[in-house]
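Trainee:
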Amino acid sequence: MRCCVPFCENTFDNMSTSERTGITFHGLPSEGNLRTAWLRALGTQDHHLPDPAVVCSQHFLDDDFYTTESCVRQIHSNAVPSIVQMCMICLDSDSKLSLMSKHKLEEAYEQLTGLSLFQLCRRGNLKQTLCVMCAQRLINFSRFRDLSLRAHSLLTDSVEQRASVSTSS
Numbered sequence: 198m199r200c201c202v203p204f205c206e207n208t209f210d211n212m213s214t215s216e217r218t219g220i221t222f223h224g225l226p227s228e229g230n231l232r233t234a235w236l237r238a239l240g241t242q243d244h245h246l247p248d249p250a251v252v253c254s255q256h257f258l259d260d261d262f263y264t265t266e267s268c269v270r271q272i273h274s275n276a277v278p279s280i281v282q283m284c285m286i287c288l289d290s291d292s293k294l295s296l297m298s299k300h301k302l303e304e305a306y307e308q309l310t311g312l313s314l315f316q317l318c319r320r321g322n323l324k325q326t327l328c329v330m331c332a333q334r335l336i337n338f339s340r341f342r343d344l345s346l347r348a349h350s351l352l353t354d355s356v357e358q359r360a361s362v363s364t365s366s
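Note that my numbering has the sequence shown beginning at 198, numbered continuously upward.
1) Find out if the Cβ-Cβ distance for the pair C284, C318 is shorter than 8 Å.
2) In angstroms, rounded to a whole number, what distance separates the CA positions of I286 and G240?
3) In whole angstroms, what separates the C-alpha of D259 from that of S295?
4) Which residues in the same chain as T264 place their Cβ atom closer than 7 Å to its Cβ, once the five residues preceding and following it in sequence are excluded?
5) Let's see if you can read the secondary structure: which residues bound the beta strand (DSSP E) around L296?
6) Quick check: the Cα distance between S227 and F204, rounded to an integer number of angstroms?
7) Using C-beta distances below 6 Å, list every residue in its chain close to P278, excluding the 5 sequence neighbours before and after it, in chain order.
8) If you check the beta carbons only, do I139 and V202 fall under 8 Å apart?
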């Protein structure tokens, strides 16, 4: 059994037991729309797939998995693999990644950069992911921006009411 993602060398046979721990292999879905999404993400077509066609767990995010009551690791029914998984800010591909949507950081990213990742990720079959460090920095940026806007609003109101600002009453 070999992962069908281009340039992925993971096979069930070439991994030692210690390496195999945590790496699972998942067959392509049979449901039409989901299968099409997988094929698009993998950049291939049905007739170019090996038999059996499987994708290893390294091409999914942790959020794409759940553990059954019998402690079996399964992928969610709507999960789609990604050939390239990297932080959208620092481009780190070795750290644990999470979806921007998990922490609602898409808007903060757009406010910081003035750019939208939606079209880029859609064209490149990428997921909107961040490493832990960049996610925290983006959360801090968002809080700092909100604090700054609140202070600006309060100062504006104060100036309009008194025509000057003072720290004394």
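For each residue, glycine too, the CB sits at the ideal point set by N, CA and C.
Mentor: Well, looking at it:
1) Taking the first residue of the sequence shown as position 1, residue 284 is located at position 87. Taking the first residue of the sequence shown as position 1, residue 318 is located at position 121. No, the pair does not count as a contact, with Cβ atoms beyond the cut-off.
2) In the sequence shown, counting from the first residue as 1, residue 286 sits at position 89. In the sequence shown, counting from the first residue as 1, residue 240 sits at position 43. Using only the alpha carbons, I get a separation of about 24 Å.
3) Mapped onto the sequence shown, residue 259 falls at position 62. Mapped onto the sequence shown, residue 295 falls at position 98. One C-alpha to the other measures close to 7 Å.
4) Locating residue 264 in the sequence shown gives position 67, counting from the first residue. Correct list, in chain order: R270.
5) Your numbering for residue 296 matches position 99 in the sequence shown. First-last of the beta strand (DSSP E) with L296: L294 to L296.
6) As a working mapping, residue 227 is identified with position 30 in the sequence shown. As a working mapping, residue 204 is identified with position 7 in the sequence shown. One C-alpha to the other measures close to 24 Å.
7) Against the sequence shown, residue 278 aligns to sequence position 81. Excluding positions up to five away in sequence, the list reads A238, V252, H256 and F257.
8) Since the first residue shown for the chain is 198 and the last is 366, residue 139 is missing from the structure and cannot be characterised.
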